[in-house]
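Remarks on the structure that follows.
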Amino acid sequence: DGSQIVFVTKSEQGTDQFTSDIHTIQSDGSQNHTLLTFPGEIYRPSWSPDGSRILFLEIIRKNYGIQGANLYLTDTNGSPPQLLELPEQPSTEYPPVSPYWPPAWSPNGEEILIKSNFTNTYIYSLKTGEFISLHFGEYPVWNLTGDGVAFQKVGHPNTICQPTAELWDRSDSWNALMPCIDINTSIAGETIPIGWRP
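Printed below as a string of structure tokens:
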């Protein structure tokens, strides 16, 4: 409802080591509240649509370079954060979640769209705890109703593909795709984050 803002403060404790605090504050600047203190580097906190939960990334660094991220979910009542473990984690060296494309709540707040640090994109159901692998490309984003996802096709940086609305029927597991839509750009290989019209 726009009444509060969530933000992060962090302090470095040593090489690649951080402590972070998640704060909430009223939009008029009053009632600054520390919701959570976390032994790591928090990035991109995100409210659920109903305001009851917050997603955030934990950035993992090595030798000052970003290796990837872990994904956590916490309630706004200050309960301990829950680590969401992706089914795809072939490397113990690199964390499972991409640090460059933030996870996104579905419009109804029941699912989370997650970009893997490896190859896949996932939909995580908060109701069932299950992951659906989309095998899509880069920059995935929900449509406004939550029954479709747009993305940039891997290997074709000037092309996007969209699943049809029928893909929200669980029986096809998001396997069918609409034809790709070519995008003309002035720079070959340019990456194009995608946005749906409101």
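Numbering of the sequence shown is given in our numbering, commencing with residue 36 and proceeding in unit increments.
We treat Cβ as the ideally placed atom computed from N, Cα and C, and that holds for glycine.
The structure presented is a predicted model; accordingly, all values stated were derived computationally and were not measured.
Exposed or buried, residue i, counting other C-beta atoms within 10 Å across all chains shown (16 or more means buried)?
i      : result
PRO130 : buried
TRP231 : exposed
GLY29  : The requested residue 29 is not part of the displayed model; the chain covers only 36 to 233.
LYS150 : buried
LEU234 : Here the chain comprises residues numbered 36 to 233, so residue 234 is not present and cannot be evaluated.
THR59  : buried
PRO122 : exposed
PRO84  : exposed
PRO138 : buried
PRO233 : exposed
Identify the residues that DSSP records as bridge partners of residue i: which are they?
i      : result
ASN67  : DSSP, once it has assigned bridges, lists no residue as partnering ASN67.
THR44  : ASP56
GLY100 : LYS97
LEU106 : LEU92, LEU119
GLU146 : SER160
SER81  : LEU90
SER133 : For SER133, which the question treats as bridged, DSSP gives no partner whatsoever.
GLY181 : None; GLY181 has no bridge partner.
GLY111 : The sequence as given places Thr at residue 111; Gly does not occur at that position. Beta-bridge pairing links THR111 to no other residue.
GLY49  : GLN52
GLU76  : ILE94
Have a look at residue i and residue j and give me their C-alpha separation to the nearest angstrom.
i      : j      : result
ILE158 : LEU108 : 14 Å
LEU179 : ASN143 : 10 Å
SER168 : ILE101 : 24 Å
ARG88  : THR111 : 5 Å
PRO198 : TRP177 : Note that PRO198 has pLDDT 39, beneath the 50 cutoff, so the model's placement of it is unreliable and the number below is only indicative. About 10 Å.
PHE186 : TRP136 : 12 Å
ASP301 : ARG96  : Summary: the structure shown does not reach residue 301, with the chain confined to residues 36 through 233, and so no result is reported for it.
GLY49  : ASN98  : 11 Å
ASN155 : GLU173 : 9 Å
THR54  : LEU70  : 14 Å
LEU202 : GLY183 : Caution applies to LEU202, whose pLDDT of 36 falls short of 50 and renders its modelled position unreliable; the value that the coordinates give is listed next. Cα to Cα, the separation comes out at about 7 Å.
ASP204 : GLU93  : Residue confidence is low: ASP204 scores 36 on pLDDT, short of 50, so the model does not pin down where it sits. No coordinate-derived value is stated.
ILE77  : SER114 : 16 Å
THR44  : GLY103 : 20 Å
THR163 : GLU145 : 10 Å
SER81  : GLU128 : 26 Å
SER160 : ARG79  : 20 Å
ASP56  : PRO175 : 28 Å
GLN66  : GLU120 : 33 Å
Select from the options the residue whose C-alpha is nearest the C-alpha of residue i.
i      : options                      : result
SER38  : ASP51, SER62, SER46, GLN52   : SER62
SER133 : PHE153, ILE147, SER114       : PHE153
HIS68  : PHE42, SER81, ARG79          : PHE42
GLU165 : GLU173, LEU148, ASP56, SER55 : LEU148
ASN64  : PRO84, TRP82, ILE40          : Strictly speaking, residue 64 in this sequence is Gly, with Asn absent from that position. Selected option, being the one with the closest Cα: ILE40.
PHE91  : ASP56, SER83, LEU106         : LEU106
SER141 : GLY103, GLY181, PRO175       : GLY181
GLU47  : GLU146, PHE73, GLY86         : PHE73
ASP36  : GLY86, GLU120, PRO116        : GLY86
8 Å is my cut-off, CB to CB: does residue i come that close to chain D?
i      : result
TRP136 : Among the chains of the structure shown, chain D does not appear; only one protein chain is present.
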